[in-house]
Amino acid sequence: MNILLVEDDPVLARGLQLTLQAEGYAIVWADNLKSAFDKNQKEKLGLVILDLGLTDGSGFDFLNEVRNSGSRLPIIILTAQSDEDSLIEGLQQGANDYMKKPFSNRELVARIKAVLREPQVREAQTRYSDLLLLHDQRIVKFKESNIEMNRREFDVLHFLIQRAEMIVTREALMEHIDKDGDIFDRTIDSHVSHLRSRFKAAGVTNIKISSVYGLGYRLEKT
């Protein structure tokens, strides 16, 4: 298994590398935030050990990007920060565990094994251009921001994305989201209108929902 070690102290990084290699792990080392982003894109990783205080930014930026993509990649934070707020923030943003410096290498190995025993299932997601839908959380992201939507708006958008660039009839939308038997043509029109308003408010200019006279709608890139 590849472990990404994000640590700017070369002495500490080398020591951890030797310890973890002795446990059978392959170590990919990044000594700054830019390198961490690059290696996360290129390498197949099983876990990340993440220092917060990096020379070119905060480890929180890396943590946020990974979690905003919908990834459940296990992340253990290493921090010299002793204040409780930083530790709580890391856990709230999706870290699996944390360790304060200085720490025992044996304890770190034990924590890695404990985290890896937890089921790590990637959340079902759908991407279209700069839109990312996280199904379990029912969250819609545009770039780095969330777009607030209710349940039916989310369902309409998901259905349209699955059929992007195609004409989707009102009847098909009604059949897909009518769970309570109270959906009408004008209700569908209202949901689509709300989606357009939400796109506009979020600054989504490269995607639009077009009306196709007498037929329905088409989600497409502009």
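Going by my numbering, the sequence shown wraps up at 269, each residue one higher than the last. Yeah, the Cβ is synthetic: ideal placement off N, Cα and C, and Gly gets one too.
- request: Please confirm whether V215 and F201 have their CB atoms less than 8 Å apart.
  value: no
field: Reduced DSSP category for I214 - H, G, I as helix; E, B as strand; rest coil
entry: coil
- prompt: In three-state terms, what does DSSP make of E165?
  reply: coil
message: Please report the distance separating the alpha-carbon of A142 from that of S237.
response: 39 Å
message: Which of the three DSSP states is assigned to E154 in this structure?
response: helix
field: Check whether R245 and I256 have beta carbons under 8 Å apart
entry: no
- prompt: Quick one: Cα of K188 to Cα of D177, how far?
  reply: 8 Å
message: Could you compute how far the alpha carbon of D98 sits from the alpha carbon of L67?
response: 16 Å
task: Report the three-state DSSP secondary structure of N197 (helix, strand or coil).
output: coil
Assumed close pair L52, V75 - CB separation to whole angstroms, cut-off 8 Å: 7 Å
L65: first and last residue of the uninterrupted alpha helix (DSSP H) it sits in: P57 to A69
Proximal residues to E54 (C-beta, below 6 Å), its chain only, five neighbours per side dropped: A60 and D98
task: Answer with buried or exposed for P121, where buried requires no fewer than 16 other C-beta atoms within 10 angstroms of its C-beta.
output: buried
- request: With DSSP collapsed to three states, give me the class of V113.
  value: helix
message: By alpha-carbon positions, which one of G106, A73 and Y175 ends up nearest to E212?
response: Y175
- request: Thinking L92 and N152 are a contact (beta carbons under 8 Å), I'd like their distance in whole angstroms, please.
  value: Going by Cβ atoms, the distance from L92 to N152 rounds to 20 Å, so no, they are not a contact pair.
query: From V239, D132, Q64 and G250, pick the residue whose C-alpha is nearest to that of Y264; which is it?
result: V239
- prompt: Across which residues does DSSP place L99 in a beta bridge pair?
  reply: BP columns for L99 are empty, so no partner.
query: The beta strand (DSSP E) with Q172 in it runs from where to where?
result: Q172 to Y175
message: Comparing C-alpha positions only, which one of L155, Q184 and R164 sits nearest to E70?
response: L155
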